[in-house]
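Visitor: Take a look at this one; I'll ask things after.
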Amino acid sequence: MAATLQTPDTGAVLAARKAHDEKLAKRADQTRAIWFPVTVLAVLLALPLLQFTGNYNYLLHLVLFTASYVVMAAGWNILGGFAGYVSLGHAVFFAIGGYFSGVLLARFGISTLLTAPLAGLLAAVCGYLIGQITLKVRGPSFIISSIALLMIARILFDHWTFIGGANGLALPINDLPVLWAKLPYYYAFIFMAAFTVWATYRIKHSKLGLGLRALSKDEIKAESAGIDTRFYKVVAFALSAFFVGMAGAVWGEYLTYLRPNIFLIILVSANLVLMCILGGKGTIAGPVVGAVLIVGINELFVATMGASELNLFGTGLVMAVALMFFPLGVVGTLARKGKLPRILNWD
Amino acid sequence: MAQFIQVLILGLALGGVIALMGSGLSLVFGVMRIVNLAHPSLIIAGAYVAYWAFKLWGIDPIVMLPIAALILAGIGVLLYRLMFEQEAKSARYSEMTVLLTFALAMMVEGLLGAFFTNTQRVTSPDYATDAFFISDIFIPKGQLYAGIVSLVIIGGLALFLKYSRMGYAIRATTQNRDAAELLGVNVNLVSVVAFAIGIGLAGAAGALVSFVFSFFPAKQWEWIAMLMSVVVLGGMGSILGTVVAAFSLSVIAAFVGTWVGATWSTMTFFLALFVILLIRPEGLFGEKPEMA
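Taken in order, these protein sequences are the chains called C and R.
First residue of the first sequence? That's 30 in this note's numbering, and the numbers climb one at a time after it.
First residue of the second sequence? That's 76 in this note's numbering, and the numbers climb one at a time after it.
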């Protein structure tokens, strides 16, 4: 009596897999509290209403400052967190974005709020080209090459007279009353921050994000599994440059001047790295948590110690302690212990 | 022709100091697989030791060199115990360690800046501004002395690595850490000693740097890129490679500085780094880097 092998119905298998995936997605959704980021966003959008009751410019500045770092740190996270390529040269894209939009503003009077996406695109193109070269190497060599990139850019920007050289470029100040002068930039940064966080979420869960996370674990295995690692890495570099460049564009107009020793310093890059590590590299909420923490700590240091040199020491100290004791960051450590509060589970 | 020789001599004179600055970095990488981004900041710390000794008590920087080296070596042991002991146990390179040294670099710069401010300083013994003249070619005395002292120190280091028992163990650990440990080398001790020597070399280099270059705490970023290009060109972990690379890059930079423009002279190092990474990432004398 020959037992007939039952041939499984392909459609049924696919349907079962889909049902299983949906079950997983549903379970993931249950651990998430989507209302929290939405509420935070709503509160931040309504925050300028405070201006009717008094001068809260400092508060607005802090939120704006944090939001700008959220944009950049989340952008850095695409390359440093997902793909595992730590770059200390991302200040270059900050400067490229800032100078591109700044020059357009100074020469033609076009607001940087309009040209910011273009500045981001330019930074992305530069990132794509630079990535073609520097992403050939990984590990220590990549970090070193990113520092060299920063030094090269600094020399170029310092000696390029068209953009003011080392003296920089003064930008026109907008003619809004003091109470409302920050508002356009405030909303621009809040919008960009929300967009960046949403975009990193989409990237992490796309095919690109999956490939990046695979190659961060083991590049050779990822390559042999059929992932075009070279292309994925370069795209990740370009994407992260895009967000950093966009933030630089608006930041330039907010600051009303561009100068290499503000945009092209290693402290800017270091802050991005620090935020991602402190918050949790490769997580969605990590850069946000890190940015809030670092800006908070920074303000505390400036308020208590004042001196910028000690500030640098403090930044280094926080970074060293974080690396030695919580290398996974706040979000990563909590998630590993299974104690991540639902409001911070954005992945 | 005279100008050619002149520039060549100026380049060679600086090459020795740059080689000394890079050799400690190379040694630490070889033994511990740590890319020590804090190395230049520690060189500057050594330079401050020599600077204050000269300023306060009039001690010659070259006399002060062994003391600066010892002080920095002590700091090195301390740093190793505090920060790198855990990391050193795993022989593999890790991203975290590089960032840790980066954090250390910021801390050192912050401390130095807070104590000594960010003004440019230079130690000025008599010979720093003096020169020998051979017909119409001049050799700056300060750079010549610094170059000679550097070469003597590097020569001593090479002899130590080649003939002493500890040097033998250091070389074994550089080649293959696990095999060295299997054969009874106390790898942990070797790591401490190598790290202390590496940082001590930074202190020695600092004493020489104090009268060859002007320095201030924030100058370390320029030097990081410069030294990295030297060490990468020479091949990570190879002292001989570091020396060869330092002299060749220094001479090229001197020519670029004379014929193209002074600002492009430092640029030589940074561009060279890119080109090397592009063409031959393992450097002149290095082995193929492992994929970590």
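Every residue, glycine too, gets a C-beta built ideally from N, C-alpha and C.
Using alpha carbons as the reference points, say which of R:Ile314, R:Leu140 and R:Gly242 lies closest to R:Phe104.
Guide: The residue given as residue 104 of chain R occupies position 29 in the second sequence. Residue R:Ile314 is the option with its Cα nearest to R:Phe104.
Visitor: Which of the three DSSP states is assigned to C:Ala112 in this structure?
Guide: Walking along the first sequence from the start, residue 112 of chain C turns up at place 83. Three-state result, C:Ala112: coil.
Visitor: Would a check of beta-carbon distances place C:Ile184 closer than 9 Å to chain R?
Guide: Position 155 of the first sequence, counted from the start, is the residue given in the question as residue 184 of chain C. So yes, C:Ile184 belongs to the interface.
Visitor: If you compare alpha carbons, which of C:Thr362, C:Leu142 and C:Val302 is closest to C:Ala349?
Guide: As a position in the first sequence, residue 349 of chain C is number 320, starting the count at 1. Among C:Thr362, C:Leu142 and C:Val302, the Cα nearest to that of C:Ala349 is on C:Val302.
Visitor: What residue does the beta strand (DSSP E) around R:Pro215 start on, and which one ends it?
Guide: One-based indexing of the second sequence puts residue 215 of chain R at position 140. It spans Ile212 to Pro215 - the beta strand (DSSP E) in which R:Pro215 sits, taken as one unbroken run.
Visitor: Rounded to a whole number of angstroms, what is the C-alpha to C-alpha distance between C:Tyr283 and C:Gly361?
Guide: Against the first sequence, residue 283 of chain C aligns to sequence position 254. Against the first sequence, residue 361 of chain C aligns to sequence position 332. So the alpha carbons of these two residues sit roughly 33 Å apart.
Visitor: How many angstroms separate the CA atom of R:Ile354 from the CA atom of R:Val152?
Guide: To locate residue 354 of chain R, count along the second sequence from 1; it is residue 279. To locate residue 152 of chain R, count along the second sequence from 1; it is residue 77. When rounded, the distance between both Cα atoms is 37 Å.
Visitor: I need the boundaries of the alpha helix (DSSP H) containing C:Phe266, first residue and last residue.
Guide: Taking the first sequence and counting its residues from 1, the one referred to as residue 266 of chain C is at position 237. Residues Thr258 to Leu284.
Visitor: Is R:Gln195 close to chain C? Criterion is C-beta to C-beta, closer than 9 Å.
Guide: Position 120 of the second sequence, counted from the start, is the residue given in the question as residue 195 of chain R. Contacts with chain C at 9 Å (Cβ-Cβ) do not include R:Gln195.
Visitor: Let me know the secondary structure DSSP gives C:Leu164 once reduced to three states.
Guide: By 1-based counting over the first sequence, the position of residue 164 of chain C is 135. Three-state result, C:Leu164: coil.
Visitor: What is the DSSP secondary structure of R:Ile142, reduced to helix, strand or coil?
Guide: Indexing the second sequence from 1 puts residue 142 of chain R at position 67. In the structure shown, R:Ile142 sits in a helix (DSSP, three-state: H, G or I).
Visitor: If you measure between the beta carbons of R:Gly278 and R:Leu154, is that distance less than 9 Å?
Guide: What you label residue 278 of chain R is simply residue 203 of the second sequence in a count that begins at 1. What you label residue 154 of chain R is simply residue 79 of the second sequence in a count that begins at 1. The Cβ atoms of R:Gly278 and R:Leu154 do not sit closer than 9 Å to each other.
Visitor: Taking the straight line between their C-alpha atoms, what separation do you get for R:Pro364 and R:Pro356?
Guide: In the second sequence, residue 364 of chain R corresponds to position 289, counting from 1. In the second sequence, residue 356 of chain R corresponds to position 281, counting from 1. Bear in mind that a pLDDT of 47 at R:Pro364, under 50, signals an unreliable position, so the model cannot answer this.
Visitor: Given that a residue counts as buried once 16 or more other Cβ atoms are within 10 Å of its Cβ, and exposed if not, what is R:Leu422?
Guide: The shown model of chain R, from 76 to 367, leaves out residue 422 of chain R, and the question about it has no answer.
Visitor: Smallest Cα separation from R:Val241: which of R:Val267, R:Val224 and R:Ser225?
Guide: By 1-based counting over the second sequence, the position of residue 241 of chain R is 166. It should be noted that the sequence gives Met, not Val, for residue 241 of chain R. That would be R:Val267, whose Cα lies nearest to the Cα of R:Met241.
Visitor: Let me make sure I understand the geometry here. Which of R:Leu302, R:Val287 and R:Val350 has the alpha-carbon closest to that of R:Phe136?
Guide: Numbered from 1 along the second sequence, position 61 holds the residue referred to as residue 136 of chain R. Checking the displayed sequence, the identity of residue 136 of chain R turns out to be Pro instead of Phe. It is R:Val287 whose Cα lies nearest to the Cα of R:Pro136.
Visitor: Along the chain, where does the beta strand (DSSP E) containing R:Ala206 start, and where does it finish?
Guide: Translated into the one-based positions of the second sequence, residue 206 of chain R becomes position 131. Looking at the DSSP string, the run of the beta strand (DSSP E) that includes R:Ala206 is Ala206 to Ile209.
Visitor: Please confirm whether C:Thr285 has its beta-carbon closer than 9 Å to some beta-carbon of chain R.
Guide: What you label residue 285 of chain C is simply residue 256 of the first sequence in a count that begins at 1. Chain R contact via Cβ: absent.
Visitor: Kindly indicate which residue of C:Ala210, C:Gly325 and C:Ala153 has the alpha-carbon position closest to the one of C:Ala265.
Guide: Here the question's residue 265 of chain C lines up with position 236 in the first sequence. Residue C:Ala153 is the option with its Cα nearest to C:Ala265.
Visitor: Can you tell which of R:Ala221, R:Gly188 and R:Asn193 has its C-alpha closest to the C-alpha of R:Thr204?
Guide: Numbered from 1 along the second sequence, position 129 holds the residue referred to as residue 204 of chain R. The shortest C-alpha separation from R:Thr204 is found at R:Ala221.
Visitor: If distances are taken between C-alpha atoms only, which option among R:Gly273, R:Ala144 and R:Ile229 comes closest to R:Arg108?
Guide: Working through the second sequence from its first residue, we reach residue 108 of chain R at position 33. The shortest C-alpha separation from R:Arg108 is found at R:Gly273.
Visitor: Under 8 Å Cβ to Cβ from R:Ala300, same chain only, skipping five residues before and after it: list those, please.
Guide: Within the second sequence, the letter at position 225 stands for residue 300 of chain R. Result list for R:Ala300: Phe344, Phe345 and Leu348, in chain order.
Visitor: How about C:His119: is its C-beta nearer than 9 Å to some C-beta of chain R?
Guide: For the purposes of this step, residue 119 of chain C is taken as the residue at position 90 of the first sequence. Nearest CB-CB separation between C:His119 and chain R: not below the 9 Å threshold.
Visitor: Considering Cα atoms alone, identify which of R:Ile327, R:Asp253 and R:Val305 is closest to R:Ile80.
Guide: Counting from one through the second sequence, the residue named residue 80 of chain R turns up at place 5. Among R:Ile327, R:Asp253 and R:Val305, the Cα nearest to that of R:Ile80 belongs to R:Ile327.
Visitor: Using a C-beta to C-beta distance shorter than 8 Å, which residues of chain A count as neighbours of C:Lys246?
Guide: Among the chains of the structure shown, chain A does not appear; the protein chains present are C and R.
Visitor: With a threshold of 9 Å between beta-carbons, can R:Pro141 be considered close to chain C, or not?
Guide: Numbered from 1 along the second sequence, position 66 holds the residue referred to as residue 141 of chain R. So no, R:Pro141 is outside the interface.
Visitor: In chain R, what lies closer than 9 Å to C:Glu338 by C-beta?
Guide: Here residue 338 of chain C corresponds to residue number 309 of the first sequence, with the count starting at 1. Under the 9 Å cutoff, chain R gives Glu184, Gly185, Leu186, Leu187, Gly188, Ala189, Phe190, Thr192, Asn193 and Pro292.
Visitor: Rounded to whole angstroms, what's the CA-CA distance from C:Thr144 to C:Phe218? Just pull it up for me.
Guide: On the first sequence, residue 144 of chain C is found 115 positions in, with the first residue counted as 1. On the first sequence, residue 218 of chain C is found 189 positions in, with the first residue counted as 1. Straight across, the Cα-Cα distance linking C:Thr144 with C:Phe218 is about 14 Å.
Visitor: Evaluate the contact criterion for the region 256-274 of chain C versus the region 96-103 of chain C: three or more CB pairs, one atom per stretch, below 8 Å.
Guide: yes
Visitor: Using the C-alpha atoms, what's the distance from R:Met139 back to R:Ala125?
Guide: Here residue 125 of chain R refers to the residue found at position 50 when the second sequence is read from its first residue. Here residue 139 of chain R refers to the residue found at position 64 when the second sequence is read from its first residue. Spanning the two alpha carbons is a distance of roughly 6 Å.
Visitor: Using CA coordinates, which residue listed in R:Gln78, R:Ile351, R:Gly86 and R:Leu276 is at the minimum distance from R:Leu117?
Guide: Numbered from 1 along the second sequence, position 42 holds the residue referred to as residue 117 of chain R. Residue R:Leu276 is the option with its Cα nearest to R:Leu117.
Visitor: Using C-beta distances below 6 Å, list every residue in its chain close to C:Ile139, excluding the 5 sequence neighbours before and after it, in chain order.
Guide: For the purposes of this step, residue 139 of chain C is taken as the residue at position 110 of the first sequence. Result list for C:Ile139: Leu133, in chain order.
Visitor: Using a C-beta cutoff of 9 Å, does C:Val166 count as contacting chain R?
Guide: In the first sequence, the residue the question calls residue 166 of chain C occupies position 137. Closer than 9 Å: yes.
Visitor: Would C:Thr229 pass as a contact of C:Asn106 if the rule is Cβ separation under 9 Å?
Guide: Within the first sequence, the letter at position 200 stands for residue 229 of chain C. Within the first sequence, the letter at position 77 stands for residue 106 of chain C. Yes. Within cutoff.
Visitor: Assuming C:Leu352 and R:Met171 make a contact with CB atoms under 8 Å, what is their CB distance in whole Å?
Guide: Numbered from its first residue, the first sequence carries residue 352 of chain C at position 323. Numbered from its first residue, the second sequence carries residue 171 of chain R at position 96. That pair is a contact at about 5 Å.
Visitor: Whose C-alpha, out of C:Asp376, C:Leu76, C:Tyr261 and C:Val226, is nearest the C-alpha of C:Ala243?
Guide: By one-based count along the first sequence, residue 243 of chain C stands at place 214. Ranking the options by Cα distance to C:Ala243, first place goes to C:Tyr261.
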